[in-house]
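Undergrad: Numbers 1 to 55, taken from UniProt numbering, label the letters of the sequence shown in order.
Glycine included, every Cβ here is placed at the ideal spot set by N, Cα and C.
The structure that follows is given in the form of structure tokens.
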Amino acid sequence: MGTVIFLVLLLGFLLALGRVRTPWVDRRPWREHTARDVGRTVLLGARSMVDLRQG
1 MGTVIFLVLL
11 LGFLLALGRV
21 RTPWVDRRPW
31 REHTARDVGR
41 TVLLGARSMV
51 DLRQG
């Protein structure tokens with residue numbers, strides 16, 4: 001259950017990050033980010049969380 005909450009929070013953070021264009025973030029607007037980019041980021045976050053729990 002905690003993993004699901006983490007993924008939802010991560011996705012919300014990514015959505016907010018994509019909408020706010022700041023100098024230290026990729027300057028492309030959100031519409032140019034593909035679903036594959038978002039999916040890859042979510043999977044990386046989930047994998048790192050699993051690694052932290054196992055380690």
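Helix or strand or just coil, what does DSSP make of T3?
TA: Residue state, collapsed to three classes: helix.
Undergrad: M49 to T34, Cα distance in whole Å?
TA: If I take the Cα positions, the gap works out to 23 Å.
Undergrad: So, V42 versus L7, is the Cβ gap smaller than 9 Å?
TA: yes
Undergrad: How far does the alpha helix (DSSP H) with T41 in it extend, from its first residue to its last?
TA: It spans 35-54 - the alpha helix (DSSP H) in which T41 sits, taken as one unbroken run.
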